[in-house]
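Just so you know, we're using the numbering used here here: the sequence shown kicks off at 7 and counts up by one.
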Amino acid sequence: MKSREDRLLARISVNPNIFGGKPIIRGMRIAVEHILGMLAAGDSVETILKEYEFLEPEDIQACLLYAHRSVAGESVHERIMGAPSR
7 MKSREDRLLA RISVNPNIFG GKPIIRGMRI AVEHILGMLA AGDSVETILK EYEFLEPEDI
67 QACLLYAHRS VAGESVHERI MGAPSR
C-alpha cells in the first residue's frame, strides 16, 4: 500500500521531451516550478485551480511536497524519474 506522500509524488513526472526534463504535473505541459512560482508570488490555491481547471488540489500539494523534499536534500528527481504519469 502506497503512502499518501508516495501517491502525491506519483503525480509528478519527468519527461526529457517536455520542458527539457523539468518536473511536470501528471504528464501535462505544466511545470512544477510554474505552480511554485505562482504560490511564491502570492496566488492562492483557489486562484491557480480556477486558472488551470484541469489541475486538482492534490496536484498543488504534490508540487509543495516535491519542493519540500528537494530543499530537504532528498533525491526526489531520481525517485520520480521512473514514475508513470497518471
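For each residue, glycine too, the CB sits at the ideal point set by N, CA and C.
Owing to the predicted nature of the structure, the values given are computational and were not obtained by experimental measurement.
- Contiguous alpha helix (DSSP H) elements confined to the stretch 17-48 occur at 38-46, taking only those with 4 or more residues.
- Going by C-alpha positions, I41 is about 9 angstroms away from D65.
- With fewer than 16 other CB atoms across the displayed protein chains lying within 10 angstroms of its CB, R13 is exposed.
- Following the DSSP letters along the chain, one finds L15 inside the alpha helix (DSSP H) bounded by residues R10 to L15.
- Bounds of the alpha helix (DSSP H) holding Y72 are P63 to V77.
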